[in-house]
Amino acid sequence: MILFSFSSCFFQIPILQQHAMKHGYSVLGSVPVPGTYWVPMFSQQSSNSNSNGSSSQIGSSRNNTSIPVTEKCTSGSGSVDNNNPLWAYVTVLQNRTATKANARWKCNFCKDEFNGSYYRVKSHLLRQKNKGIAICAQVTSEYLVEMTDLELNASKKVESVQVPFPTGTTNLNPPVDKNKRRRGDDGPLSKAYNNEAREHLSAQIARLFYAAGLPFNVARNPYFISAFSYAANTNISGYIPPSYDAIRTTMLQREKSNIMKLLQPIKDTWVEKGVSIVTDGWTDSQKRPLINFMATSTAGPIFLKAIDCTGEVKDRNYIANLILSAIDEVGAQNVVQVITDNAPVCKAAGSIVENMHPHIFWTPCVVHTLNLALKNICSPSPNNEVAYDPIYDMLRSCDTDEPNLHLVYDKWDSMIDRVKSAIYQHEGKELTQYSSFYDVVYNILTDRWSKSNIPLHCLAHSLNPKHYCKEWLDQYPTRVAPHRDNEICQERNKCLKSYFQDVSERREALAEFVKFSSAEGELGQFDSLLDRWNLTPKEWWVTYGSSIPKLQSIALKLFSQPTSSSSAERNWSTYGFIQSTKRNKINPKKAEDLVFIHTNLRLLSRNNKTYKEGPTKMWDIGGDEFDLVDGAGILEVASLSLDEPELEAALFNDDGDGNIFTQ
Numbered sequence: 002m003i004l005f006s007f008s009s010c011f012f013q014i015p016i017l018q019q020h021a022m023k024h025g026y027s028v029l030g031s032v033p034v035p036g037t038y039w040v041p042m043f044s045q046q047s048s049n050s051n052s053n054g055s056s057s058q059i060g061s062s063r064n065n066t067s068i069p070v071t072e073k074c075t076s077g078s079g080s081v082d083n084n085n086p087l088w089a090y091v092t093v094l095q096n097r098t099a100t101k102a103n104a105r106w107k108c109n110f111c112k113d114e115f116n117g118s119y120y121r122v123k124s125h126l127l128r129q130k131n132k133g134i135a136i137c138a139q140v141t142s143e144y145l146v147e148m149t150d151l152e153l154n155a156s157k158k159v160e161s162v163q164v165p166f167p168t169g170t171t172n173l174n175p176p177v178d179k180n181k182r183r184r185g186d187d188g189p190l191s192k193a194y195n196n197e198a199r200e201h202l203s204a205q206i207a208r209l210f211y212a213a214g215l216p217f218n219v220a221r222n223p224y225f226i227s228a229f230s231y232a233a234n235t236n237i238s239g240y241i242p243p244s245y246d247a248i249r250t251t252m253l254q255r256e257k258s259n260i261m262k263l264l265q266p267i268k269d270t271w272v273e274k275g276v277s278i279v280t281d282g283w284t285d286s287q288k289r290p291l292i293n294f295m296a297t298s299t300a301g302p303i304f305l306k307a308i309d310c311t312g313e314v315k316d317r318n319y320i321a322n323l324i325l326s327a328i329d330e331v332g333a334q335n336v337v338q339v340i341t342d343n344a345p346v347c348k349a350a351g352s353i354v355e356n357m358h359p360h361i362f363w364t365p366c367v368v369h370t371l372n373l374a375l376k377n378i379c380s381p382s383p384n385n386e387v388a389y390d391p392i393y394d395m396l397r398s399c400d401t402d403e404p405n406l407h408l409v410y411d412k413w414d415s416m417i418d419r420v421k422s423a424i425y426q427h428e429g430k431e432l433t434q435y436s437s438f439y440d441v442v443y444n445i446l447t448d449r450w451s452k453s454n455i456p457l458h459c460l461a462h463s464l465n466p467k468h469y470c471k472e473w474l475d476q477y478p479t480r481v482a483p484h485r486d487n488e489i490c491q492e493r494n495k496c497l498k499s500y501f502q503d504v505s506e507r508r509e510a511l512a513e514f515v516k517f518s519s520a521e522g523e524l525g526q527f528d529s530l531l532d533r534w535n536l537t538p539k540e541w542w543v544t545y546g547s548s549i550p551k552l553q554s555i556a557l558k559l560f561s562q563p564t565s566s567s568s569a570e571r572n573w574s575t576y577g578f579i580q581s582t583k584r585n586k587i588n589p590k591k592a593e594d595l596v597f598i599h600t601n602l603r604l605l606s607r608n609n610k611t612y613k614e615g616p617t618k619m620w621d622i623g624g625d626e627f628d629l630v631d632g633a634g635i636l637e638v639a640s641l642s643l644d645e646p647e648l649e650a651a652l653f654n655d656d657g658d659g660n661i662f663t664q
């Protein structure tokens, strides 16, 4: 009989005691010795086996009573070494030394024969590459987990005896000879032990959630899942989790460097697709003024940095220098526009940037412009609410990171037409009649549009192939093609002049626009004309724009740009998450690093297919409200901006000339 010792005595339970006796296990009296159980001895069946194994003590009860053992469990080669349990999965053909340091053995899975020590056995069976031996391709995942656990337990050198004891739940037989197969591999004891370990680990994880006040939605986080899966399936003997100081210092910087490398493929797309610099301001929990910078493209918004402006004079020159620094970091040749709020200081800073880089345009946030228009229309009333709906619809369509720069001009005109129809229908008037309320609303909307419309909007509108199609022109009787609209033509030519400082290059670009707008040459062929309406603008330019390369390069960049600073505004919710009331003593630099990692990890995760399907689908959206740390676990929507009165009162004083000073 062999005696095994475990740290917990689950055989005190009568049911398991009955199972032990039913399957041939001996029990001392009515109650076994605590911490021990017995298994029947495996008999030596092989004629080549050595039957004169010496007596050894491989188990003890809690009172340290040694139990003599006369035989050991064997595989086809002799006795099992409890410190090297994987010998049980091979057949030793020849022992050249007493310790099997240079034995010849055969794998019980793939049946291949090798020479070498236990190190090579382990490397072969556990599929450890680059260890001087071929890995076993026949080992199933169940047995790989089983052997990994055995090796891990052996390396820990726990007080209990380590023997080949399967931890998997598979019912498949291992590929070994029947006479050499270990009894009890698939019995209720091994299954009970494995289930108990799994349940214990799950309980420890759940306790972590309860103690730390973590939202239950964290369990859907793919990084949470991968961390525990890696820990459970990897043999890391003596592993100790990283310390408090390590996580907040060296490991934080290491992860930031790793994230920067992972973001490089996204940055490489900026050369062809372009990128927008988006910036916005905020005050943190300690009333420090911050300005953050995002680089937004079709691949999503990348967090660049946040600047602590405490003690600085936030005038147009200061803000312009911050923007220029962000442009240099991204690469001026890749930047299409800089999106900010409509504050006078931002507009003045945008002018400085445009003078330094003529091909980069300052663009006011369309969503912010619409918000200001809604405030100007007056307080809510039945009449006003009629006018709000079309404005809300446009606001929702623009308040995203989606590329819609080429749609803004058309959306604004369509919104005004819809507002007029809604007001006249509510008042029961014909469109030819006069409405004083519509006149007020119209003046507010056109005034806001005139202040926010820029040449880049007109060029993007002009390069949209759909705007030359009959289907689009017939939607409203007042519509005309972009090349027939005087205002659009003037602004478009200004934009082309900024793009092409050289006169000869500008003439080539203008000639290309004539060819495009008039559908000349190959652009006038049937497929090209038909697909102007059927394809998206970007698809059309990729398919048919090669004959007009200068405009094609510009068009592919313009059709990839957003029109709002929503990504920068939403990022303040991440700052609120990082700098909760429980962690409001964190310094700005460390908060910036945490926001950089948190924001960009979410971006990288969203670009993974597992984000759209499976158990981790949209893991960072929604969740629950179980939170014991005053908001640290919940990302709230934040929309503060530089043009909000509350924020301006806290941060700036405007001298009326575009210069802003701290209070």
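If you're matching positions, the sequence shown starts at 2 in the numbering used here and goes up one per residue. Each residue gets a CB set at the ideal place from its N, CA and C atoms; glycine is no exception. If you're wondering where the values come from, they're calculated on a predicted model, not measured in any experiment.
**Asked** Going by DSSP, what residues sit across from arginine 105 in a beta bridge?
**Response** Residue 105 sits at position 104 when you count from the first residue of the sequence shown. Beta-bridge annotation (DSSP): arginine 105 is paired with Gln95, Asn116.
**Message:** Under DSSP, the beta strand (DSSP E) around glycine 301 begins and ends at which residues?
**Reply:** Position 300 of the sequence shown, counted from the start, is the residue given in the question as residue 301. Segment 301–309, the beta strand (DSSP E) holding glycine 301.
**Request:** Mark proline 242 as exposed unless 16 or more other C-beta atoms lie within 10 angstroms of its C-beta, in which case mark it buried.
**Result:** Counting from 1 along the sequence shown, the entry for residue 242 is found at position 241. When all chains shown are included, proline 242 counts as exposed.
**Message:** Just verifying my parser: in three-state terms, what is the DSSP assignment at leucine 127?
**Reply:** Translated into positions along the sequence shown, residue 127 becomes position 126. Leucine 127: coil per DSSP, three-state reduction.
**Request:** Using a threshold of 7 Å, state whether the C-beta atoms of leucine 373 and leucine 396 are closer than that.
**Result:** Numbered from its first residue, the sequence shown carries residue 373 at position 372. Numbered from its first residue, the sequence shown carries residue 396 at position 395. Not in contact: leucine 373 and leucine 396 (Cβ atoms no closer than 7 Å).
**Request:** For alanine 104, count neighbouring C-beta atoms within 10 Å of its own C-beta (all shown protein chains included) and say buried if the count is 16 or more, exposed if not.
**Result:** Within the sequence shown, residue 104 is the residue found at index 103, counting from 1. Buried, since its Cβ has 16 or more Cβ neighbours within 10 Å.
**Request:** Would you kindly work out how many angstroms separate the C-alpha atoms of cysteine 310 and glycine 522, rounded to a whole number?
**Result:** The count along the sequence shown starts at 1 and reaches residue 310 at position 309. The count along the sequence shown starts at 1 and reaches residue 522 at position 521. Looking at the two C-alpha atoms, the distance is approximately 55 Å.
**Prompt:** How long is the line joining the alpha carbons of lysine 376 and threonine 564, rounded to whole angstroms?
**Reply:** Taking the sequence shown and counting its residues from 1, one reaches residue 376 at position 375. Taking the sequence shown and counting its residues from 1, one reaches residue 564 at position 563. Near 20 Å, if we compare the C-alpha coordinates of threonine 564 and lysine 376.
**Prompt:** In or out: glycine 1 buried (at least 16 other Cβ within 10 Å) or exposed?
**Reply:** Past the boundaries of the shown model lies residue 1; the chain is included only from 2 to 664, so the question cannot be answered.
**Asked** When you compare only the Cα positions, how much space is there between asparagine 465 and leucine 559?
**Response** Taking the sequence shown and counting its residues from 1, one reaches residue 465 at position 464. Taking the sequence shown and counting its residues from 1, one reaches residue 559 at position 558. Roughly 10 Å between the two C-alpha positions.
**Nearest residue (CA-CA) to isoleucine 445, options Lys467, Ile417, Ile267** = Working through the sequence shown from its first residue, we reach residue 445 at position 444. If we check each option's Cα against that of isoleucine 445, Ile417 comes out closest.
**Asked** When you compare only the Cα positions, how much space is there between cysteine 459 and lysine 495?
**Response** Taking the sequence shown and counting its residues from 1, the one referred to as residue 459 is at position 458. Taking the sequence shown and counting its residues from 1, the one referred to as residue 495 is at position 494. If I take the Cα positions, the gap works out to 10 Å.
**Message:** When you compare the CB positions of aspartate 440 and serine 567, do they come within less than 7 Å of one another, or not?
**Reply:** For the purposes of this step, residue 440 is taken as residue 439 along the sequence shown, with counting starting at 1. For the purposes of this step, residue 567 is taken as residue 566 along the sequence shown, with counting starting at 1. Taking a C-beta distance under 7 Å as the contact criterion, aspartate 440 and serine 567 do not qualify as a contact pair.
**Asked** So, do the stretch 486–503 and the stretch 421–431 have three or more beta carbon pairs nearer to each other than 8 Å?
**Response** Touching, no.
**N-terminal and C-terminal residue of the beta strand (DSSP E) that serine 277 is part of** = The sequence position of residue 277 within the sequence shown is 276, counting from 1. In the DSSP assignment, serine 277 falls within the unbroken beta strand (DSSP E) covering 276–284.
**Asked** What first and last residue would you give for the beta strand (DSSP E) that runs through isoleucine 340?
**Response** Taking the sequence shown and counting its residues from 1, one reaches residue 340 at position 339. Where isoleucine 340 is concerned, the enclosing beta strand (DSSP E) stretches over 336–341.
**Prompt:** For serine 298, which of helix, strand or coil comes out of DSSP?
**Reply:** Sequence index remark: in the sequence shown, residue 298 carries index 297 (1-based). Three-state DSSP puts serine 298 in a strand.
**Prompt:** Between the stretch 260–275 and the stretch 290–306, do three or more beta carbon pairs fall short of 8 Å?
**Reply:** The stretch 260–275 makes contact with the stretch 290–306, as at least three CB pairs between them are under 8 Å.
**Asked** What runs of the beta strand (DSSP E), each 3 residues or longer, lie entirely inside the stretch 360–437?
**Response** Listed in chain order, the complete beta strand (DSSP E) runs (minimum 3 residues) inside the stretch 360–437 are 362–365.
**Message:** Mapping the DSSP letters down to three states, classify isoleucine 445 as helix, strand or coil.
**Reply:** Counted from its first residue, the sequence shown places residue 445 at position 444. In the structure shown, the three-state DSSP call for isoleucine 445 is helix.
**Item:** Where serine 86 falls: helix, strand or coil (DSSP)
**Value:** Residue numbering aside, residue 86 sits at position 85 when the sequence shown is read from its first letter. Sequence inspection shows proline at residue 86; the serine mentioned does not correspond to that position. In the three-state scheme derived from DSSP, where H, G and I count as helix and E and B as strand, proline 86 is classed as helix.
**Cβ shell of lysine 306 (< 6 Å), same chain only, five flanking positions each side left out** = Start at 1 with the first residue of the sequence shown, and residue 306 comes out as number 305. Around lysine 306: Phe294.
**Asked** Whose C-beta lies closer than 8 Å to the C-beta of tyrosine 443 among residues of the same chain, with five residues either side of it excluded?
**Response** Counting from 1 along the sequence shown, the entry for residue 443 is found at position 442. The residues are Ile417, Val420, Lys421.
**Prompt:** How long is the line joining the alpha carbons of isoleucine 278 and valine 219, rounded to whole angstroms?
**Reply:** Taking the first residue of the sequence shown as position 1, residue 278 is located at position 277. Taking the first residue of the sequence shown as position 1, residue 219 is located at position 218. When the Cα atoms are used, isoleucine 278 and valine 219 turn out to be separated by approximately 31 Å.
**Item:** Opening and closing residue of the alpha helix (DSSP H) in which cysteine 459 lies
**Value:** Along the sequence shown, read from residue 1 onward, the residue named residue 459 stands at position 458. In the DSSP assignment, cysteine 459 falls within the unbroken alpha helix (DSSP H) covering 456–463.
**Asked** Helix, strand or coil: which one does DSSP assign to isoleucine 353?
**Response** Sequence index remark: in the sequence shown, residue 353 carries index 352 (1-based). In this structure, isoleucine 353 counts as helix in the three-state DSSP scheme.
**Request:** Confirm, please, whether the CB-CB distance from valine 337 to glycine 282 is below 7 Å.
**Result:** Here residue 282 refers to the residue found at position 281 of the sequence shown. Here residue 337 refers to the residue found at position 336 of the sequence shown. The Cβ-Cβ distance between glycine 282 and valine 337 does not fall below 7 Å.
**Prompt:** Got a sec? Which residues, its chain only, sit under 6 Å from glycine 546 by beta carbon, not counting five neighbours each side?
**Reply:** Against the sequence shown, residue 546 aligns to sequence position 545. Within the same chain, glycine 546 has close Cβ partners Gln553.
**Asked** Straight-line CA distance for proline 365 to lysine 467?
**Response** By one-based count along the sequence shown, residue 365 stands at place 364. By one-based count along the sequence shown, residue 467 stands at place 466. Whole-angstrom Cα-Cα distance: 25 Å.
**Request:** Starting from asparagine 196, follow its DSSP beta bridges and name the residues at the other end.
**Result:** For the purposes of this step, residue 196 is taken as the residue at position 195 of the sequence shown. Looking at the DSSP output, asparagine 196 sits in no beta bridge, so it has no partner there.
**Asked** Nearest to alanine 327 by alpha carbon, out of Lys348, Asp316, Ala300, Ile361?
**Response** Position 326 of the sequence shown holds residue 327. In terms of Cα proximity to alanine 327, the closest of Lys348, Asp316, Ala300, Ile361 is Ile361.
**Message:** Less than 7 Å between C-beta atoms, sequence neighbours within five positions excluded: which residues of the same chain meet that for tyrosine 410?
**Reply:** Your numbering for residue 410 matches position 409 in the sequence shown. Answer for tyrosine 410: His458, Cys459, His462, listed in chain order.
**Asked** Measuring CB to CB, does phenylalanine 225 end up less than 7 Å from threonine 600?
**Response** Residue 225 sits at position 224 when you count from the first residue of the sequence shown. Residue 600 sits at position 599 when you count from the first residue of the sequence shown. No, Cβ-Cβ distance for phenylalanine 225 and threonine 600 is not below 7 Å.
**Prompt:** Taking C-alpha atoms, which residue in Glu152, Ser142, Val140, Glu147 lies nearest to tyrosine 119?
**Reply:** Taking the first residue of the sequence shown as position 1, residue 119 is located at position 118. Cα-wise, what sits closest to tyrosine 119 is Glu152.
**Request:** Provide the residue(s) that pair with asparagine 293 in DSSP beta bridges, ordered along the chain.
**Result:** Residue 293 sits at position 292 when you count from the first residue of the sequence shown. BP columns for asparagine 293 point to Asp281, Ala307.
**Prompt:** Buried or exposed: which applies to arginine 533, given that a residue is buried once 16 or more other Cβ atoms fall within 10 Å of its Cβ?
**Reply:** Counting from 1 along the sequence shown, the entry for residue 533 is found at position 532. Buried is the call here.
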